[in-house]
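The listed protein sequences derive, respectively, from chains F and D. Counting from 1 along the first sequence, just add 60 to a position and that's the residue number in the working numbering. Counting from 1 along the second sequence, just add 694 to a position and that's the residue number in the working numbering.
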Amino acid sequence: MAKIEAIASAAKDVAAKLGIQKFDIYGSAVEETSVQVDSGEPQAMKASQRSGVTVRVWSEKGTVGVTSTTDVDAAGLEIALKTASEASEFGATENVPDFSPEATASIAAHESPRCTPAAVDTLLKTLVTAEKELLEAHPAIAGVPYNGLAQRDIERFYINSAGAVRHEAASIASLYLYTKTEAEGKKPRSAGAFRIAHGLDKLDVNGCVKEAADKTISHLNYEKVKTGKYRVVFSPEAFLSLFGAFSNLFNAQSILDKQSLSTPDSLNQAIASPLLSVCDDALHPENVGADTFDGEGTPTRRVPLITNGVLTSFLHSAGTAKRMGTEPTGNADMGAKVTVSANFFHVFAGEPAQETYRLETADNVILIDDLQALHAGVQALQGSFSLPFDGWLIKDGQRISVDSATVAGDIREVLNSIIYVEPEGHFTGGGVCPYIWVDSLSVTGE
Amino acid sequence: MLATPLLLTKELPNLKYASTSHRFDETWAAPLSTLLGLGRAAGADFIEFFLERVNYIGCMAEEDAITSISPRLSTGAGVRVFRGKADCYVSTNDLTFNGLKTALEKALGIMGLTLPGPNAFIPEINLELLRDYATKRNKEQWLGETSSMREMGDVLLAANGKLAQKASHVQSRRAVYFRDWQEVMVAASDGTFARDIRLTQSVGYSLLCADGANRSSINKRVGNTSDPGFLRNWNYEDSAEEVAESAGKMLYADYVESGSYPIVMANEFGGVIFHEACGHLLETTQIERKTTPFIEKKGEKIAHENLTAWDEGLTQDAFGTIDMDDEGMPAQRTLLIENGVLKNFISDRAGSLRTGHPRTGSGRRQNFTYAAASRMRNTYIAPGNYSMDDLFSSIDKGIYCKKMGGGSVGATGEFNFAVDEAYLIENGQLTKPLKGATLIGEAVDIMQKISMCSQDLGLAAGFCGSVSGSVYCTVGQPHLKVDSITVGGR
């Protein structure tokens, strides 16, 4: 906090010296250590201490200029404020952003425990042990080519010339393990698992090892799936990654920019099966490292996006909320153009299902565990997607790994074709979501 | 002549280095050589410092207004310490002597090393005379010669206006530009001491058209690495014409029917097929992880005999062109595949140390927060001897992939990439537009199926993401034929 106060004080002094009346600053400081191993030996270790701020300055005619800098001492802030002031002369003259009306509103109490960082030796021992256990889990597991154990302390702050001062900090540890197999007469296969927690001691390392091993082993015996239409079950990870790729559906800035599948008139319309409900919930108890305020200082909150299939709200910055006559939602990212993004999706069942389904008794159903290459295979503005995936064909409740296949469709059809939302939600790191059943999708195999 | 006496560690607090604060020049030699010596005294096998200053600006026009001008200033450094084949990388924003020493001490500590006591001699590290690539081609003047904020706005608004004239059913239109000016310095305990200035610029369109339920979105970007006047020289009228035509054709396109097809890949950005299917798998990073099928294949035939491919950093103006890499090594032309035979891998320092393949001037990183890794520069398939007619007339039913989207390759060599603009080929002729295609395959398999290359090599600007972040690169190829590939669609 002392550093934040120093930055705030220095910024005020510099602004006064430059004759800048109105400004705000969003910044962060990160301390991070990470390790990777290869065959029991340390391979690449990394540490960084980095900080940066984004400065907005309003010109006398009310236009805004923005500059980002990694120099947060007085000299660096002065250059940033000067540059932002220069940029403000060329700022947009319509829909000019202003301070959030909630930048000084009280913030709900939210516990975000801090942890003392573990020693690098401890990180290495933990990862070496995890790698060893994974290699011993099955003779075909020949390596863990992608692995990493990281811990980071993050501090964020927001200040403005109208007196707003926000500050918060969080500790996060994360682990990923991604295997590769080699078996006689078989193609190499791979699978992975990821965990995140407040600190190394809270990290579910054993669960990560077990999940990576189980998935890898389940993919050893694979088959080509026949091209056709299949009933599809999305794992929580797969559904959240697909849903997130089309988040322009709820993004007020995208909607105002006509870069969305929704329009302002889409509110209160059915866009999904009534079985589905979704909230953006930064303060969800399972959100590790939750942000209590956004890039404009607006407190975050639970925002119901889809309620029983009906689009109930958009995600807003202060500017989009003003333009659409509503309240900001705590989803703004400060920048030359303020953008909007989701914080933490919570997907859950809406209206009760008439019929329930179980993977244990399913037949001829594709279970999609992990969607790949979303950056390439998603046409976010068209609604369509065509994506490779890892998963299984379920035959009489038995899982058969699917080799080299893609799933294709339209997100609006997917949402409307949901036939079952399982009751149990699963934490994935980026959200909480149950398994989601979709009636029919095109799968390309052989 | 008496040699300068070696420093004792206890003298460090009294040193008064006066390095130039606003540029990386010879004044950095003394503090960096002291720090490198300190690292060697602590027991490190090799130490490298990477210093960076960035002056970036992005600008966007939406419809007929400038909605974003965003400068970014960044300064930082990273120190990499090797002990045996293990390494540690620590980055910091603090470029003072003490800030760099703290980063070094942290890196040494992570490697199990400690700075020597107060009476230890600091070994001399004799850095070479500064190899200053920034003195080439007037680079010192480049930043001042680029477009002003006002000019950026004027050009983008004019360009977006032109797009409005050319396109129909426009839902949204954007023109975007960025200029990334970067000054770097590398100093290493093997005596490397080099500096460079890079200027990377890109400008392009993003167009979304809609007519009822029909939608099409087309992006077009061009890039440059050495023309300060690049933006003002941009032929936006031709670009607008091209983007508008593509979007118009794709607006009412049918979805591709999934299956296995022969395809013709267009030149320029079609080179993403080689980038994903083979280029990444020739990086020593992949050899280290044993995630490439080409590990033991040097000197062996891994591709069709009609395929030759290069990775290099020397093509004038190309988006992946660098005079030196981020480890201070001059760029070079690296022949990857010659007539189907694997000739070389793409290697950085760590990759060379761990795999034995020679460095190729390919150690690249997004910025100072990343350690360098083996990364592609300008990567392309060389032109062949076939004509376009030869390619198309050899196909009864297939797909012409005119404009590619992005792609990726996984740990097992399986790759995929999206097609933004495609057409059905029937009896050697283009018939109807198609959309929604994703090409998937395996590297080993596809390389044998690139059977015909035409003579029209073209390069395109792109961004490549990997272990050392996102770097600018070029993909390229002539028109080529793939005998068969799996196409995912509806």
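We put the beta carbon where it would ideally sit given N, CA and C, even for glycine.
- Message: By the 9 Å beta-carbon criterion, what residues does the region 108 to 126 of chain F contribute toward chain D?
- Response: Ser108, Gln109, Arg110, Ser111, Gly112, Thr114, Gly125, Val126
- Query: In terms of alpha-carbon separation, which member of D/Glu1032, D/Phe815, D/Ser866 lies closest to D/Leu701?
  - Reply: Counted from its first residue, the second sequence places residue 701 of chain D at position 7. Between D/Leu701 and the set D/Glu1032, D/Phe815, D/Ser866, the nearest pair of CA atoms involves D/Phe815.
- Message: If you follow the beta strand (DSSP E) that D/Asp1114 is in, where does it begin and where does it stop?
- Response: As a first step, residue 1114 of chain D is located in the second sequence; it is residue number 420 there, counting from the start. Run containing D/Asp1114: 1108 to 1120, per the beta strand (DSSP E) assignment.
- Exposure label - D/Leu709; buried when at least 16 CB within 10 Å: Here residue 709 of chain D is taken as the residue at index 15 of the second sequence, counted from 1. By the neighbour-count rule (16 or more Cβ atoms within 10 Å), D/Leu709 is not buried but exposed.
- Task: Note the first and the last residue of the continuous beta strand (DSSP E) segment covering D/Met1018.
- Result: Mapped onto the second sequence, residue 1018 of chain D falls at position 324. Counting along the chain, D/Met1018 falls outside any beta strand (DSSP E), and DSSP gives it neither H nor E.
- Message: Please tell me whether F/Pro335 and F/Ala413 are closer than 8 Å, where the distance is taken between their beta carbons.
- Response: Counting from one through the first sequence, the residue named residue 335 of chain F turns up at place 275. Counting from one through the first sequence, the residue named residue 413 of chain F turns up at place 353. At residue 335 of chain F the sequence reads Leu, which differs from the Pro that was named. The answer is yes: Cβ separation under 8 Å.
- Using DSSP bridges, identify the partner residues of F/Arg116. Taking the first residue of the first sequence as 1, we reach residue 116 of chain F at position 56. BP columns for F/Arg116 point to F/Asp84, F/Val126.
- Query: What's the C-alpha gap between D/Gly731 and F/Ser148?
  - Reply: Counting from 1 along the second sequence, the entry for residue 731 of chain D is found at position 37. Counting from 1 along the first sequence, the entry for residue 148 of chain F is found at position 88. Going from the Cα of D/Gly731 to the Cα of F/Ser148 covers about 47 Å.
- Query: Which of the residues in the region 171 to 199 of chain F, read from start to end, lie with their CB under 7 Å from any CB of chain D?
  - Reply: Val180
- Task: Check whether the Cβ atoms of F/Leu419 and F/Ile454 sit closer than 8 Å, and answer yes or no.
- Result: Counted from its first residue, the first sequence places residue 419 of chain F at position 359. Counted from its first residue, the first sequence places residue 454 of chain F at position 394. Against a cut-off of 8 Å, the Cβ pair of F/Ile454 and F/Leu419 comes out as a contact.
- Are there 16 or more other CB atoms within 10 angstroms of the CB of D/Tyr930, so buried, or fewer, so exposed? Within the second sequence, numbered from 1, the residue matching residue 930 of chain D stands at position 236. With 16 or more Cβ atoms within 10 Å of its Cβ, D/Tyr930 is classed as buried.
- Query: Secondary structure at D/Trp1004, three-state DSSP: helix, strand or coil?
  - Reply: Counting from 1 along the second sequence, the entry for residue 1004 of chain D is found at position 310. Looking at D/Trp1004 - three-state DSSP - the assignment turns out to be strand.
- Which value, in whole angstroms, describes the spacing of the CA atoms of F/Phe449 and D/Asp905? What you label residue 449 of chain F is simply residue 389 of the first sequence in a count that begins at 1. What you label residue 905 of chain D is simply residue 211 of the second sequence in a count that begins at 1. When rounded, the distance between both Cα atoms is 31 Å.
- Query: Among F/Gly304, F/Val124, F/Pro248, which one has its Cα closest to the Cα of F/Ala396?
  - Reply: Along the first sequence, one-based indexing puts residue 396 of chain F at 336. Nearest of F/Gly304, F/Val124, F/Pro248 to F/Ala396, Cα basis: F/Val124.
- Beta-carbon contacts of D/Trp722 that lie in its chain and below 8 Å, excluding the five residues immediately before and after: Within the second sequence, numbered from 1, the residue matching residue 722 of chain D stands at position 28. Excluding residues within five positions, the ones whose Cβ falls inside 8 Å are Ser713, Thr714, Leu745, Met879, Ala881.
- So, does the CB of F/Gly100 fall closer than 8 Å to a CB anywhere in chain D? Your numbering for residue 100 of chain F matches position 40 in the first sequence. F/Gly100 does not count as touching chain D.
- Based on the DSSP secondary-structure assignment, which residues constitute the bridge partners of D/Met754? Numbered from its first residue, the second sequence carries residue 754 of chain D at position 60. The partner list for D/Met754 (beta bridge, DSSP) reads D/Ser762, D/Val870.
- Query: Going along the chain, which residues of its own chain have a beta-carbon closer than 6 Å to the beta-carbon of F/Ser221, five neighbours each way excluded?
  - Reply: Here residue 221 of chain F corresponds to residue number 161 of the first sequence, with the count starting at 1. Around F/Ser221, the same chain offers Lys82, Phe83 as residues with beta carbons nearer than 6 Å, after the five sequence neighbours per side are excluded.
- Item | Whether F/Cys96 touches F/Asn207 by CB criterion (8 Å) | Here the question's residue 96 of chain F lines up with position 36 in the first sequence. Here the question's residue 207 of chain F lines up with position 147 in the first sequence. Going by the sequence as given, residue 96 of chain F is Gln instead of Cys. For the pair F/Gln96 and F/Asn207, the CB atoms are nearer than the 8 Å cut-off.
- Residue-chain proximity (D/Arg926, chain F), Cβ-Cβ < 8 Å: The residue labelled residue 926 of chain D in the question sits at position 232 within the second sequence. No, no contact with chain F.
- Task: Tell me, please, whether the region 116 to 131 of chain F touches the region 235 to 253 of chain F by the rule of three or more beta-carbon pairs shorter than 8 Å.
- Result: Contact between the region 116 to 131 of chain F and the region 235 to 253 of chain F is absent: fewer than 3 CB-CB pairs across the two stretches fall below 8 Å.
- Task: Please report the residue range of the alpha helix (DSSP H) in which F/Thr466 lies.
- Result: Taking the first residue of the first sequence as 1, we reach residue 466 of chain F at position 406. First-last for F/Thr466: 465 to 470, but that is the beta strand (DSSP E), not the alpha helix (DSSP H).
- Between D/Ala1012 and chain F, is there a C-beta pair that is closer than 8 Å? Looking up residue 1012 of chain D in the second sequence gives position 318. Chain F has no Cβ within less than 8 Å of the Cβ of D/Ala1012.
- Query: Of all the residues that make up the region 1038 to 1053 of chain D, which are near chain F by a beta-carbon distance shorter than 7 Å?
  - Reply: none
- For the region 324 to 352 of chain F, which residues have a CB atom closer than 8 Å to at least one CB atom of chain D, in sequence order? none
- Item | Short CB-CB distance (under 8 Å) between D/Leu696 and chain F | Position 2 of the second sequence, counted from the first residue, corresponds to residue 696 of chain D. Only weak support is given to the placement of D/Leu696: the predicted model assigns it a pLDDT of 49, under 50, and the question is left unresolved by the model.
- Bridge partners - D/Ile1031, DSSP secondary structure assignment: Start at 1 with the first residue of the second sequence, and residue 1031 of chain D comes out as number 337. According to DSSP, which records beta bridges pairwise, D/Ile1031 is partnered with D/Ala1003, D/Leu1036.
- Query: Since D/Gly1206 meets chain F, which of its residues come closer than 7 Å, beta carbon to beta carbon?
  - Reply: Because chain D spans 695 through 1184 in this model, residue 1206 of chain D falls outside it and cannot be assessed.
- Item | Top-ranked residue by Cα proximity to F/Thr186, from F/Leu137, F/Ala75, F/Ala202, F/Tyr236 | The residue you call residue 186 of chain F lines up with position 126 of the first sequence. Among F/Leu137, F/Ala75, F/Ala202, F/Tyr236, the Cα nearest to that of F/Thr186 belongs to F/Tyr236.
- Task: Spatial neighbours of D/Ser654 within its chain, please: CB distance less than 8 Å, with the 5 preceding and 5 following residues excluded, ordered by chain position.
- Result: What is shown of chain D runs 695 to 1184, which leaves residue 654 of chain D out entirely.
- Query: Can you give the Cα-Cα distance for F/Thr488 and F/Ser295, rounded to whole angstroms?
  - Reply: Here residue 488 of chain F is taken as the residue at index 428 of the first sequence, counted from 1. Here residue 295 of chain F is taken as the residue at index 235 of the first sequence, counted from 1. Cα to Cα, F/Thr488 sits roughly 10 Å from F/Ser295.
- Specify the secondary structure class of D/Lys943 as computed by DSSP and reduced to three states. For the purposes of this step, residue 943 of chain D is taken as the residue at position 249 of the second sequence. Here D/Lys943 sits in helix by DSSP.
- For a contact meaning CB atoms closer than 7 Å, what does D/Ile1134 contact in chain F? Taking the first residue of the second sequence as 1, we reach residue 1134 of chain D at position 440. Those within 7 Å of D/Ile1134 in chain F are Pro448, Ser464, Thr466.
- Identify which residue in D/Gly793, D/Leu802, D/Glu756, D/Arg873 has its Cα closest to the Cα of D/Val748. Start at 1 with the first residue of the second sequence, and residue 748 of chain D comes out as number 54. The shortest C-alpha separation from D/Val748 is found at D/Arg873.
- List the whole-angstrom C-beta distance separating F/Leu434 from F/Leu447, where the pair is believed to meet the contact cut-off of C-beta under 8 Å. Here residue 434 of chain F corresponds to residue number 374 of the first sequence, with the count starting at 1. Here residue 447 of chain F corresponds to residue number 387 of the first sequence, with the count starting at 1. F/Leu434 to F/Leu447, Cβ: 7 Å. Contact.
- Ordered along the chain, which non-local residues of its own chain (more than five positions away) have a Cβ less than 6 Å from that of F/Glu138? Locating residue 138 of chain F in the first sequence gives position 78, where the first residue counts as 1. So the list reads Val74, once near-sequence residues are dropped.
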